[in-house]
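K.L.:
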Amino acid sequence: MIKIEKIEFFNYRQYRNVSISFSDKHNYQLHILRAKNGTGKTTFLNGILWCLYAKEYYINDESKALKVINETVVQDANVNDIIEVKVRLTISDEDKYVIFERGQKFNIFEDPLTSLKQTIEIGKPVLKVIENPKFTYENSKVYETDDETQRIVKQYFDEDIYSYYFFDGENLRNYFDKKNASKVKDSIYSLSQVNLLSNASRRTEVLSEEKSRELTKNKNLDLSVYDQVDSLKDEIERLEKDNHDIEVNLSVISQRLDDLNSQLAGYKPVRDLQLRREELDKRLKKLEKEKDDIFTRKKEFIRTYYTLFHLYPRLKSTLNMIDYKEKHGELPPRIDKRQVEELLENHDANCPMCDGELNDHAIDHLKQLLLELEVSSQSSNYLSSIKGGLENAIGRCNNYQNECQSLLNDEKNNSDEMDDVKQKLDVISKYLMTYSDDHTDIIDISKIEKERNELEYERSSKEQRKGANEVCIKQDREKLVKLEKEIKELEKRDNENTLLRKQVTTLRSLTNAFMVVKKNLMDEIKIEIEKNTWESFKNMIWKKETFYSLEINDEYQMTVKNYNLNDMTGSLSATESMALAYSFTLAIHKTSGRNCPLVVDSPLGRVSDENRVNMAKELLKISKDKQIIMLFTPDEYSSEVADIYDDTVASIRDLSLVSNESEIGKVVL
Amino acid sequence: MISKKIKDEIERLDKDEAFKELMLEILEEESQGLHNFKAKYEEKINFYIENNQVGVSNND
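Here the protein sequences line up with chains X and C, keeping their order.
Per our numbering, the first sequence runs over residues 111 to 779.
Per our numbering, the second sequence runs over residues -15 to 44.
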C-alpha cells in the first residue's frame, strides 16, 4: 500500500507553517480533516497538486487568483528579502520513502504608490524528488531534472488522471466527461504497460519492412556463374596442354633444324651461304626487337601529345597570365630569399653576383627586396614556381613535328631493312632448294633445304599458335579472377539474404505476437475495470432492483443499464453519480497495479439519507486496504457519519484560521 | 520491470520458450527507454536466430 506519510507547507497560501502527519498505524487507513468553508480545505488539495504538478487545478480562475505566497509573510518581510514557498509531500512505498518537494522563491519590493509590499517570482517553481530507503540513510537518491522528477510523479500520481487521486466531490461532471475518459484510457494503458506492447509491435513492423526492402534490393545468386567458371578452367587446361605439346614439338623441330643446319654448314660448296644465312637470321631477330621498341615509343608519343594538345590552350593562357603579372611587377622577383638573408647577415663580404662592395645603398636595396618577397602572396609564389614547367610543356608541343618525323623515319628504316634481310634470306633459300651437283646421291642439298624450309614454316606456325594460346590463357585467367571475386560477393550476399529472410520471419512473428498480447491485455483491463466498478457501485447504492449492468466502451465511457436494458447513465441522481465516480476511481486504482492513496474533498457532500451511510461504510471498508484522506465541512460531517467514523478512523483533525484569517492557526486532533 | 499481466499473457501464447524470452527481453529494453532500438532489436533477434531453428516463410 502506498501511503501519504506527511504533508508540510511553508508559506503556502493560508498554510504558513503547517505539518500534518498521516503515519498513524490503524486498522482503517482513513484520515479526516474538518474545516469550515473558506478555511483552506480546497487549498490543502491544491497544495498537493502544486507540489506535484506546479498547477492548482481546483482554483476557479488561476489568472485572477492570489500568488501562492502567504500574504502575512510578505507584509512582515523586509524589502529585498527573498522568501521561499515550499510544499513537501512524503509518501511511503514498500521499503522506501519518496519525498516530493517543490519550492518557489519570491523577492519582496515596495509598491511606490501604495507603500504596500509586493512580490516578484524568481524563476519557476522547482521540484526535487528524494528516494530514501526505510531504516537506513544509505543509498538515498535525489532527482532534480524535469525528466526524472516527472517520470517519478507519473509513476505514483499520473497528472493526466490527477482527479482520480485527488477527488473533488463537488465536480462530479468531470468524471463522466468524454475528454477525461480518453485520458483515463491513455493513463491506464501507460500504467499497465500497454504502450510498451504498442511500441514493440510498431518497431518490429518497421524493422521487418526495412529488412524486406533490403531483401528485394539484393539480387539472388545466379548459379550459371559457377558453369562459366568451370568452362573457363577447362579451356585454360586445354590451352596449357596444347602449349605443352607444342613445346615438345618445337623441341623436336629445333633439334632437326640444328641437324640440317649442321649438314648444310658441313658441305663445303654451300657452307658460306649457310653461314651468311645464319648472320642474316641474327640480324632479322635484332630488327624485330627494334620494331617492338619503335612500337612502344610510338604508343608513348601518342599518349603524351594527346594530353599536351588537349591542355595546350590552358597552358598557354596560364603562361601568358604569369608573363603579364611579371611584366607589371605583380610577382615576386626570382631571387633566392635565403641567399639575400645570408648577404644581409654577413654584409662585410662582397656581392656574390657582381663582386661589388655592399654599401648602405645596396643593403637598403636588399632589405627592400626581402620585404617584397615577404609580402608577395602565396599564389604569386606558386605561379612563379610553375612557370618553368609550363614553358617546358609548351616547348615540347612546338617540337611535335620533329619528334614525329624522327619516329616515322626510324619506323621506315626498320621496315626497309627487314624487307631487305627477308629478301636476301629468300634468295638463299630458293638457291639451295634448286641446288644440284654430282654428289646428290651422297648429300641432296635441295632435299635438305626443302625439309628445312618446311620445318621453319612449321616452327613459325607453332610458335604463333603458342603465342595465341598464351594470350588466351592470360585473358581467361583474368576473367576467372573476376568471376571468382564476383562469386565471393554473391555468396556473401546470399548468406546475408538467408539471414535477412530469417530476420523478416522472426520480426513478423514478433509483431503479431505483441499485437495479440496487447489486444488480450486491453480486453482484460477493460473487463477488470468494468467488473470492479460494477461491484463497488452495487455496494454503495441502496437500490438493488434498478441497475442491471454496467459497460465500459473502448473509449472508456461508462454506461449504466436498467433491467429493461435501457441506458440510464444520464438519469442518475447526484448520489448515484457520486457512487459511480467513486467506483470507477477505485477500479482504476486497482487495475493500475499501484495501490495509491485517495484524497477526497467533500466526500459525501452530494449524498444523502441511506446512501450517505452506505457510502461512508463502503469507504471505511475500502480504507482497510487503501489510504483515504477526506476533507469535510462540519455540516457534511453529520451525526450519522460521525457515528460510523468517530471511533473507527485513523485520525480526525480540525483546521481553523488565526484571528486575522490569514493563516491556518492550528491542526487540532 | 514488465508487469505480471503481460508476462502471463506472453506465457499463454502458443510459441516456444526462446521466442517468449525474446519478447520479454525486447519489452524489458522498451521499458528502460530505448535510444537505438534498431541495434538492440537486431542484436537480440540475431542471437535468437543463431540459437534456434528459425525457418523462412515462403511469402517473402
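From the three backbone atoms N, C-alpha and C, an ideal C-beta is built for every residue, glycine too.
Fair warning: this is a prediction, and the values are worked out from it, not measured in the lab.
1) What does E241 of chain X reach in chain C if we use C-beta pairs closer than 7 Å?
2) How do the region 0 to 10 of chain C and the region 163 to 174 of chain X stand: do at least 3 beta-carbon pairs fall below 8 Å, yes or no?
3) What residues match up with G213 of chain X in a beta bridge as DSSP calls it?
4) Could you round the C-beta distance between I193 of chain X and F219 of chain X to whole angstroms and report it? I think they count as a contact, below 8 Å.
5) Please go through the same chain and pick out, in chain order, the residues whose beta-carbon is closer than 7 Å to the beta-carbon of L620 of chain X, but skip the five residues on each side of it.
6) Looking at K589 of chain X and L349 of chain X, is the spacing between their C-beta atoms short of 8 Å?
7) Would you say K(-1) of chain C reaches chain X, if we count a Cβ-Cβ gap shorter than 8 Å as a contact?
8) Any Cβ of chain C within less than 8 Å of the Cβ of S250 of chain X?
9) Judging by CA-CA distance, which residue of C:Q37, C:N36, C:L6, C:V38 is the nearest neighbour of K24 of chain C?
10) Tell me, please, whether the CB atom of E5 of chain C is closer than 8 Å to any CB atom in chain X?
11) Which residues, taken in chain order from the region 300 to 313 of chain X, show a beta carbon closer than 8 Å to some beta carbon of chain C?
12) Determine the closest residue to Q384 of chain X out of X:V537, X:M678, X:L306, X:S570, with distance taken between C-alpha atoms.
13) Among X:T255, X:V183, X:T616, X:G150, which one has its Cα closest to the Cα of Y168 of chain X?
14) Applying the criterion that 16 or more other CB atoms from any shown protein chain within 10 Å of the CB defines a buried residue, is R381 of chain X buried or exposed?
15) DSSP state of P243 of chain X, grouped into three classes?
16) Using a C-beta to C-beta distance shorter than 8 Å, which residues of chain X count as neighbours of L8 of chain C?
17) Just confirm the distance between the C-beta atoms of Y207 of chain X and E118 of chain X, as a whole number of angstroms; I'd bet it's less than 8 Å.
18) Using a Cβ cut-off of 7 Å, pull out every chain X residue sitting near E14 of chain C, in sequence order please.
19) So, helix, strand or coil for A145 of chain X, using DSSP?
20) For the pair the region 708 to 723 of chain X and the region 121 to 129 of chain X, tell me if three or more CB-CB distances fall below 8 Å.
21) Taking E(-5) of chain C as the query, report the chain X residues whose CB atoms sit under 7 Å from its CB, ordered along the chain.
22) Can you list the residues of chain C that A623 of chain X reaches, using a CB-CB cut of under 7 Å?
23) First and last residue of the beta strand (DSSP E) that includes E115 of chain X?
24) According to DSSP, is M678 of chain X helix, strand or coil?
25) Taking CB distances under 8 Å as the criterion, tell me whether T255 of chain X reaches chain C.
26) Quick check on I169 of chain X: does DSSP put it in helix, strand or coil?
27) Does V626 of chain X get closer than 8 Å to chain C when you measure Cβ to Cβ?
28) Mapping the DSSP letters down to three states, classify Y434 of chain X as helix, strand or coil.
29) Between the region 585 to 616 of chain X and chain C, which residues of the former have a C-beta closer than 8 Å to a C-beta of the latter?
30) Would a C-beta distance cut-off of 8 Å place L143 of chain X and F154 of chain X closer than the cut-off?
31) Which full runs of the alpha helix (DSSP H) of 4+ residues lie inside the region 457 to 536 of chain X, going along the chain?
32) How long is the line joining the alpha carbons of K700 of chain X and I232 of chain X, rounded to whole angstroms?
33) Assign D798 of chain X to one of three DSSP states: helix, strand, or coil.
34) Would you report the Cα separation of L765 of chain X and T182 of chain X, rounded to the nearest angstrom?
35) Using a C-beta cutoff of 8 Å, does E634 of chain X count as contacting chain C?
36) Run the CB neighbour count on V197 of chain X, radius 10 Å, all protein chains shown included, and call it buried at 16 or more, exposed below.
P.N.:
Per the coordinate set shown:
1) Within the first sequence, numbered from 1, the residue matching residue 241 of chain X stands at position 131. Chain C residues near E241 of chain X: none, gap ~16 Å exceeds 7 Å.
2) Contact fails: fewer than three Cβ-Cβ distances are below 8 Å.
3) Translated into positions along the first sequence, residue 213 of chain X becomes position 103. In the DSSP output, where bridge partners are listed per residue, G213 of chain X has X:K196, X:V236.
4) To locate residue 193 of chain X, count along the first sequence from 1; it is residue 83. To locate residue 219 of chain X, count along the first sequence from 1; it is residue 109. About 12 Å separates the Cβ atoms of I193 of chain X and F219 of chain X, ruling out a contact at the 8 Å cut-off.
5) Taking the first sequence and counting its residues from 1, one reaches residue 620 of chain X at position 510. Within the same chain, L620 of chain X has close Cβ partners T314.
6) Within the first sequence, residue 349 of chain X is the residue found at index 239, counting from 1. Within the first sequence, residue 589 of chain X is the residue found at index 479, counting from 1. No, the Cβ-Cβ distance between L349 of chain X and K589 of chain X is not below 8 Å.
7) Within the second sequence, numbered from 1, the residue matching residue -1 of chain C stands at position 15. Under the Cβ criterion of 8 Å, K(-1) of chain C is counted among the residues facing chain X.
8) The residue given as residue 250 of chain X occupies position 140 in the first sequence. Under the Cβ criterion of 8 Å, S250 of chain X is not counted among the residues facing chain C.
9) Counting from one through the second sequence, the residue named residue 24 of chain C turns up at place 40. Among C:Q37, C:N36, C:L6, C:V38, the Cα nearest to that of K24 of chain C belongs to C:L6.
10) Taking the second sequence and counting its residues from 1, the one referred to as residue 5 of chain C is at position 21. Contacts with chain X at 8 Å (Cβ-Cβ) do not include E5 of chain C.
11) Those residues of the region 300 to 313 of chain X that come within reach of chain C (Cβ to Cβ, closer than 8 Å) are S302, Q303, L306, L307, N309, A310, R313.
12) Working through the first sequence from its first residue, we reach residue 384 of chain X at position 274. Looking at the Cα atoms, X:V537 is the closest of the given residues.
13) As a position in the first sequence, residue 168 of chain X is number 58, starting the count at 1. With distances taken between Cα atoms, Y168 of chain X lies closest to X:G150.
14) Translated into the one-based positions of the first sequence, residue 381 of chain X becomes position 271. Burial call: exposed.
15) Taking the first sequence and counting its residues from 1, one reaches residue 243 of chain X at position 133. Strand.
16) Start at 1 with the first residue of the second sequence, and residue 8 of chain C comes out as number 24. Result: empty, since nearest Cβ-Cβ is about 10 Å, beyond 8 Å.
17) Taking the first residue of the first sequence as 1, we reach residue 207 of chain X at position 97. Taking the first residue of the first sequence as 1, we reach residue 118 of chain X at position 8. Y207 of chain X to E118 of chain X, Cβ: 13 Å. No contact.
18) Against the second sequence, residue 14 of chain C aligns to sequence position 30. Listed along chain X are L306, N309, A310, each with a C-beta nearer than 7 Å to that of E14 of chain C.
19) Residue numbering aside, residue 145 of chain X sits at position 35 when the first sequence is read from its first letter. Here A145 of chain X sits in strand by DSSP.
20) No, because fewer than three Cβ pairs between the region 708 to 723 of chain X and the region 121 to 129 of chain X fall closer than 8 Å, the two stretches do not touch.
21) By 1-based counting over the second sequence, the position of residue -5 of chain C is 11. Correct list: empty, because the minimum Cβ distance to chain X is about 10 Å.
22) Taking the first residue of the first sequence as position 1, residue 623 of chain X is located at position 513. Within 7 Å of the CB of A623 of chain X, the CB atoms of chain C belong to L(-3), K(-1), M7, in sequence order along the chain.
23) Your numbering for residue 115 of chain X matches position 5 in the first sequence. Annotation for E115 of chain X: the continuous beta strand (DSSP E) segment containing it runs 112 to 122.
24) Within the first sequence, numbered from 1, the residue matching residue 678 of chain X stands at position 568. M678 of chain X falls in the coil class under three-state DSSP.
25) Numbered from its first residue, the first sequence carries residue 255 of chain X at position 145. With 8 Å as the cut-off, T255 of chain X does not count as an interface residue toward chain C.
26) Taking the first residue of the first sequence as position 1, residue 169 of chain X is located at position 59. The three-state reading of DSSP puts I169 of chain X in coil, since its state is none of H, G, I, E or B.
27) On the first sequence, residue 626 of chain X is found 516 positions in, with the first residue counted as 1. By this cut-off, V626 of chain X is an interface position.
28) As a first step, residue 434 of chain X must be located in the first sequence, where it is residue number 324. DSSP places Y434 of chain X in helix when its eight states are reduced to three.
29) Under the 8 Å Cβ criterion, the region 585 to 616 of chain X contributes T608, L609, R611, K612, Q613, V614, T615, T616.
30) As a working note, residue 143 of chain X is residue 33 in the first sequence. As a working note, residue 154 of chain X is residue 44 in the first sequence. Yes. Within cutoff.
31) Counting whole runs of 4 or more residues, the region 457 to 536 of chain X contains the alpha helix (DSSP H) stretches 470 to 485, 488 to 508.
32) In the first sequence, the residue the question calls residue 700 of chain X occupies position 590. In the first sequence, the residue the question calls residue 232 of chain X occupies position 122. If you take the alpha carbons of K700 of chain X and I232 of chain X, they lie about 41 Å apart.
33) Outside the modelled stretch of chain X, which goes from 111 to 779, sits residue 798 of chain X, for which no answer is possible.
34) Your numbering for residue 765 of chain X matches position 655 in the first sequence. Your numbering for residue 182 of chain X matches position 72 in the first sequence. About 18 Å.
35) Here residue 634 of chain X is taken as the residue at index 524 of the first sequence, counted from 1. Contact of E634 of chain X with chain C is assigned, a C-beta pair being separated by under 8 Å.
36) Counting from 1 along the first sequence, the entry for residue 197 of chain X is found at position 87. Burial call: buried.
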